[in-house]
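In this text, residue positions in the sequence shown follow numbering that gives the first Met the number 0: the first is 0, and each later residue adds one.
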Amino acid sequence: MTTLDCYTCSQEAEFDDLPPRECVVHDQHWRVAHALNTAVHGWLVLLPRRHVAAVHDLTDAEASALGVWQVKLSRALRSVTGCHKTYVVQFAEAEGFAHVHFHIVPRMADLRPEHRGPGIFELLRRPEEERVTADRADRIARTLRAQLDGHPNAG
Numbered sequence: 000m001t002t003l004d005c006y007t008c009s010q011e012a013e014f015d016d017l018p019p020r021e022c023v024v025h026d027q028h029w030r031v032a033h034a035l036n037t038a039v040h041g042w043l044v045l046l047p048r049r050h051v052a053a054v055h056d057l058t059d060a061e062a063s064a065l066g067v068w069q070v071k072l073s074r075a076l077r078s079v080t081g082c083h084k085t086y087v088v089q090f091a092e093a094e095g096f097a098h099v100h101f102h103i104v105p106r107m108a109d110l111r112p113e114h115r116g117p118g119i120f121e122l123l124r125r126p127e128e129e130r131v132t133a134d135r136a137d138r139i140a141r142t143l144r145a146q147l148d149g150h151p152n153a154g
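Okay, structure coming up:
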């Protein structure tokens with residue numbers, strides 16, 4: 000796969016024109032986006048800003064910032080959504096999405112048992128009528144951005 004075939008890299012190339020849902024916050028190493036085609040409000044994706052295909056290829060600086068971002072995003076999601084906890088998941092195996100990325104998913108207290116744990120992915124790639132709309136994802140992104148405003152290096 001080349002960066003030309005990578006959805007994440009194509010979005011990064013358009014960085015200055017990204018809508019809020021595609022760039023909730025960022026620093027020099029990471030960008031946060033609201034997930035596509037999800038039925039879960041606030042499902043975030045944490046993406047390295049350069050093409051990386053495996054976690055072991057992260058630089059020390061990227062790795063160091065990763066843990067901070069995962070905790071900051073989890074705290075912000077708890078504050079904004081009232082979630083019980085967050086799931087943090089990384090696979091990077093889907094066609095066109097082999098770029099390393101971490102799903103930061105708000106797990107609400109009333110989540111149905113069949114959607115808990117790995118079952119949460121049943122709420123991704125949902126039919127259009129079940130999805131978080133682009134406008135709603137932009138509103139969530141703006142709210143999270145305001146919540147994260149105090150994150151050092153968040154741009």
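Here a beta-carbon is modelled for each residue, glycine too, at the ideal position from N, C-alpha and C. Since we're looking at a predicted model, the values are computed, not measured.
Inter-residue CB distance, residue i and residue j (contact presumed, cutoff 8 Å)
{"i": "V131", "j": "H40", "result": "5 Å"}
{"i": "I119", "j": "L72", "result": "Not a contact, Cβ separation roughly 16 Å."}
{"i": "R30", "j": "A136", "result": "Between A136 and R30 the Cβ distance is about 15 Å, and since that is not below 8 Å, they are no contact."}
{"i": "Q89", "j": "V54", "result": "7 Å"}
{"i": "L65", "j": "L76", "result": "That pair is no contact at about 16 Å."}
{"i": "T85", "j": "R115", "result": "Contact doesn't hold; Cβ gap of about 13 Å is too wide."}
{"i": "E61", "j": "H83", "result": "Not confirmed; about 29 Å, so no contact."}
{"i": "T125", "j": "N36", "result": "Looking at the sequence itself, residue 125 is Arg, so the reference to Thr does not match. With a Cβ gap of about 6 Å, R125 and N36 count as contacting."}
Top-ranked residue by Cα proximity to residue i, from the options
{"i": "L143", "options": "H33, P126, H28 and A64", "result": "H33"}
{"i": "Q69", "options": "V79, L45 and F96", "result": "L45"}
{"i": "A108", "options": "T80, V88 and E129", "result": "T80"}
{"i": "E127", "options": "E113, A38 and D4", "result": "A38"}
{"i": "R49", "options": "D26, E92, L35 and W42", "result": "D26"}
{"i": "R141", "options": "V67, L17, E13 and V87", "result": "L17"}
Per-residue DSSP class, three states only, for residue i
{"i": "F90", "result": "coil"}
{"i": "N152", "result": "Any reading at N152 must be qualified, since the residue scores a pLDDT of 43, below 50, and its modelled position is unreliable; no value is offered."}
{"i": "A53", "result": "coil"}
{"i": "L46", "result": "strand"}
{"i": "A108", "result": "coil"}
{"i": "T142", "result": "helix"}
{"i": "R30", "result": "strand"}
{"i": "L72", "result": "helix"}
{"i": "L65", "result": "helix"}
{"i": "H98", "result": "coil"}
{"i": "L147", "result": "coil"}
{"i": "H25", "result": "strand"}
Own chain residues within Cβ distance below 6 Å of residue i, not counting five before or after
{"i": "L110", "result": "none"}
{"i": "V24", "result": "V31, R144, L147 and A153"}
{"i": "W42", "result": "A34 and V104"}
Any non-hydrogen atom of the ligand COA closer than 7 Å to residue i Cβ
{"i": "F90", "result": "By its list of ligands, the structure shown contains no ligand whatsoever, and the ligand COA lies outside what it can speak to."}
Close-in-space but distant-in-sequence residues of the same chain around residue i (CB under 7 Å, 5 per side omitted)
{"i": "E129", "result": "A38"}
{"i": "L122", "result": "T37, A38, V39 and H114"}
Own chain, CB closer than 8 Å to residue i, minus 5 neighbours either side, in chain order
{"i": "S78", "result": "Q146"}
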